[in-house]
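See below for the structure under consideration.
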Amino acid sequence: MPSVTFKVNGMERTVAVETATTLLNVIRDDLGLTGTKQRCEGGDCGACTVIMDGRAVASCLVLAVEAAGKDIVTIEGLAKEGEPDPIQQAFIAKGAVQCGFCTPGMVMSAKALLRKNPHPTEAQVREAIVGNLCRCTGYAKIVEAVLEVSRRG
Amino acid sequence: MAEFELLGQSLERKEGPAKVTGEFIFPTDVRVPGMVVGKILRSPHAHALIKSIDTAAAENMDGVLAVVTAQTCPVPIIVYGQDKVDETMLATDKVRYIGDEVAAVAAVDEATAERALAAIRVDYEILQAYTDYNSCLDEASAEGAPLIHDGHAKNVAQEVHILRGDPAKGFAQADRVFEAEYRTSRVHQAYLEGNVAVAHYRKDARLEIWASTQWPSRTREDVAAILGLDISRVRVLETHVGGGFGGKFCPKLALLASVLSMKCGWPVRIANSLKDDFEAARPYGSSHIRLKTGVRKDGVIVAKELLTIMDNGAYSASGLACLGVACTRANNVYKCKNIKADGYSPYTNLVPTGAYRGYGNQSLSFAVEREMDRIAKALGMGPAEFRLINATGPNEVTVDGYVVRSNGLADTIKWTAQASELGKRRPDEGPIHYGKGMSSGMHVSGNIISYKLWDASGAIIRVDQDGRVGLITPEPDIGQGSHTALAMIAAEELGVRWEDIYVHPIDTDVAPFGVGAVGSHITTVGGNAVKVAAANARAELAAVAARLLECSPADIDITQGKVCNRALPQRELTLREVAMRYYLENYMPLVARGSWRSVGRKNPDTGLTNPSSAYSFATHVAEVAVDMETGRVKALNYWASHDLGRVINLAAAQGQIEGGVAQGLGFVLSEEMQFGADGRVTNPDFLDYKCPVATDMPAIHTHFVETVDPLGPFGAKGIGELAFVPVVGAIANAVSDAAGVEVTELPITPVRLLELIKRRG
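As you go down the protein sequences, you meet chains A and B in turn. Residue numbering for the first sequence follows this note's numbering, starting at 1 and increasing by one per position. Residue numbering for the second sequence follows this note's numbering, starting at 1001 and increasing by one per position.
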């Protein structure tokens, strides 16, 4: 079995993988980081979204071997020194969390957006999360939460 | 000064921090030591006899820990069902749909489990399959047609025949009669967290199950009954559910994981993939409704006649009860008392149907509310005016025997009509035509169901020696925020600070029974149980405080964690001090109980059953833009006014509506399960089963009417299902209005809409 080394949430990790193992499998099963969710396994729902080298990606579509040497941030890696990220705080404050299953993926997509574009329009926010399905919220308070963070600067 | 300390505010979810950081463990995240992988062998044929099953190769495979078929199951296979008994845990003599469970294996890892499934040899004799639910009613009554289930005269799981008042007399009084046919497709609840169960049959003969279920107490009861175990041997554990919407009542995965664990002794996890959930869970049945409405020229509806056919699928599950609701519920919005309703649930060789938010209400509501707008237009009346003429009001008994107390329907109609400027339509902009549509609805707040013992909820409140309050509720949080709302009710009643109350995850070893997230039950029935428990806890604390403050318990005020004698408020104790005193006097923390039973009952005089303690009402208006050249619909604005009795958590109530609008958009415009002629689901994924995304959503304006129901906790009623039900009619009406066509078939995809536009000329 080949082994793969990458940075996850600031820490270098080495994992033995099969060729067909996805980054999602490694994150959840090998590293025990279950915040990133598994659902469609086809890149359609966004529940598995992580940030890889600065871009929001569907980790179910990334082979573990492709992630070699890359810098990966999962939902668990957002909080800095125990302080939740402003996006995480806004999601709670605005009532953007219902069942919470889409939440990690949504937050990661929002994080990737705000890093590139700190003051997006509403349309740009909606476009950034167009690949993240939510069945509970109708996206309304999720969009409000992201706009709130961008308003606060 | 506000009336309440907490109610009405947008308080943050208790589990918010855990959910936004990824710390929260969903049922699909549960891992227990020694856990092995369970997988299911499913039928590749829609209808076939099982001649033989050979599991020898699978059983002898290295790494395979157990193989179970109906013949080798460690417990007797019994026929069971939620409302009709017609299903077994594993197929016995035949399979009835593509996906039907034939065998289950437990193995050390996924790959081995897959190899084991592939090594099981099943010899099938293929039978003719029925995959079109309409033809089933005709073909099946033909002589010699093979039945899907023995013991039936034809392939019909259920018939409903309802006669209220005197429809013949009513139609005789009508000045005009309107007739139409409406169809909706199979849709999937599309919960983001898949169906899953982890079951461990332990050495002390106790069965522990981690499940993603909308009714943990009921799952426990179902599993115990079906496996032949005393109920106290079964323990169901649940944190929160990652979405349910009516799709997570079925005990199938819990049952199969349990029997595998019985055989191998290890905890077994069975998790459905998205494909499994499309092919073999419990999606919502398609419907075909014929509706005839008689109206007087003054706008009063005098009679109705309807025929509802809802595809039952191969087994009955929770879909069966949807038929009764689809023959009745939506008519109870209006006063008309002369109704003849007939309904049929044909068996088909398709995946069995389950419930979906509304439990059948949305299917009839689509037909009824389309007719309301259509008839209003024909009579030259506004949609709001026509509805107000016919609307039920407070303190009435409706056509199907619903005992309605609080009813804010009229206010919801007036608010949405005004807020949306319903009478005004934006002028066309080239091929873009604008339109508005209205829809009213009503639903139960806790429907009495076929729970063997009773229809109630219990709650336990535990006050620790530091004054912190733990709420032990059996009612699950499936994303609607029930745990936060119940904690708010408890905290409001008890007088504890919001930060000092927490909610225990569900453990049926500790929690009392509850009916679950079904029939919009939790706010009214669950909430009342919590309120009773909180009141009992408060009384015990007040008794202790009264001794400390040398007054009578009736003088005690507990607010925001501070305790005082109302007559001498300067002398204040904290709840912590009182709780510690209780603890020292009793050598244990304070544990208080409460329960509340639904008042729904059968009326012996009328023979009608009042199914709920309270009823919620709502009206919605949608504004859409239709591109007449492409058939594409864009939802622009949405107004929703809800009588929910009393707002508990404002953001959560708004969130329910916003989510309901998204699901309704999908139901009307894009969601459709597609089947091949062989009965296979051809779009079992999120690429081809199109759920609304963030860019599809309109601006949503919500409004609440607080009628303060006499029976609800602090007057509160449910909203979970009614947040979705009226959306279907509102959007369908808006599209019809914009395009100048009559939308009668859902989903109204661009292709179908263009067809209607072309036919219109």
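Cβ coordinates follow ideal geometry from the N, Cα and C atoms, glycine included.
Option in the options with minimal Cα separation from residue i
i         : options                                    : result
Ala1592/B : Glu1493/B, Ala1066/B, Ile1461/B            : Ile1461/B
Ile1126/B : Ser1052/B, Leu1422/B, Asn1649/B            : Ser1052/B
Ala1257/B : Arg1538/B, Glu1181/B, Pro1074/B, Met1061/B : Pro1074/B
Arg115/A  : Ile87/A, Lys37/A, Gly35/A                  : Ile87/A
Glu1671/B : Val1728/B, Ile1719/B, Lys1717/B, Glu1658/B : Val1728/B
His1200/B : Lys1531/B, Ala1254/B, Pro1167/B, Ala1579/B : Ala1254/B
Ile1040/B : Pro1474/B, Arg1269/B, Ser1232/B, Glu1015/B : Arg1269/B
Asn1683/B : Thr1412/B, Phe1171/B, Leu1274/B            : Leu1274/B
Lys1377/B : Gly1437/B, Leu1350/B, Pro1692/B            : Gly1437/B
Thr21/A   : Pro104/A, Asp85/A, Leu61/A                 : Leu61/A
Val1223/B : Ala1517/B, Glu1238/B, Leu1207/B            : Leu1207/B
Ala1116/B : Ser1445/B, Val1068/B, Ala1734/B            : Val1068/B
Thr1239/B : Ile1472/B, Ala1174/B, Arg1597/B, Gln1570/B : Ile1472/B
Glu18/A   : Leu24/A, Cys136/A, Met1/A                  : Met1/A
Residue i in three-state terms, based on DSSP
i         : result
Ala1546/B : helix
Lys1690/B : coil
Phe1249/B : coil
His1504/B : coil
Lys1051/B : strand
Lys1014/B : coil
Glu1706/B : coil
Trp1266/B : coil
Gly1441/B : strand
Continuous beta strand (DSSP E) stretch holding residue i: start and end
i         : result
Ile142/A  : Looking at the DSSP string, Ile142/A is not in any beta strand (DSSP E); the run it does join, the alpha helix (DSSP H), is 140-152.
Ile1389/B : Not the beta strand (DSSP E): Ile1389/B falls in the alpha helix (DSSP H), residues 1383-1390.
Glu1005/B : From DSSP, Glu1005/B is part of no beta strand (DSSP E); its letter is neither H nor E.
Ala1762/B : Here chain B comprises residues numbered 1001 to 1761, so residue 1762/B is not present and cannot be evaluated.
Val1236/B : 1234-1238
Leu1636/B : 1633-1643
Start-to-end residues for the alpha helix (DSSP H) that takes in residue i
i         : result
Tyr1583/B : 1575-1586
Lys1758/B : 1750-1760
Asn1649/B : It is not in any alpha helix (DSSP H) - Asn1649/B carries neither H nor E in the DSSP assignment.
His1483/B : 1482-1494
Arg1566/B : Taken as a continuous stretch (DSSP letters only), Arg1566/B belongs to no alpha helix (DSSP H), as it is neither H nor E.
Status (buried if at least 16 other CB within 10 Å, exposed otherwise) for residue i
i         : result
Tyr1638/B : buried
Val1236/B : buried
Ala1103/B : buried
Phe1004/B : exposed
Glu1429/B : exposed
Pro1698/B : buried
Tyr1587/B : exposed
Arg1357/B : buried
Ala1622/B : buried
Ser1363/B : buried
Ile1748/B : buried
Cys134/A  : buried
Gly1761/B : exposed
Val1085/B : exposed
C-alpha distance - residue i paired with residue j, whole-angstrom precision
i         : j         : result
Ala1651/B : Ser1010/B : 5 Å
Pro1146/B : Phe1249/B : 30 Å
Val1668/B : Thr1055/B : 45 Å
Glu1159/B : Phe1704/B : 38 Å
Arg1233/B : Ile1209/B : 11 Å
Lys1292/B : Ala1180/B : 7 Å
Pro1604/B : Ala1107/B : 55 Å
Lys1602/B : Ser1612/B : 11 Å
Ala1487/B : Lys1094/B : 48 Å
Ala1119/B : Ala1070/B : 17 Å
Gly138/A  : Val107/A  : 15 Å
Gly1081/B : Thr1092/B : 15 Å
Glu76/A   : Val1196/B : 23 Å
Val1544/B : Val1532/B : 19 Å
Arg13/A   : Gly43/A   : 24 Å
Asp1455/B : Gly1354/B : 21 Å
Tyr1182/B : Phe1026/B : 39 Å
Contacts that residue i makes with chain D (C-beta to C-beta distance below 9 Å)
i         : result
Ile1731/B : No chain D is present in this structure, whose protein chains are A and B.
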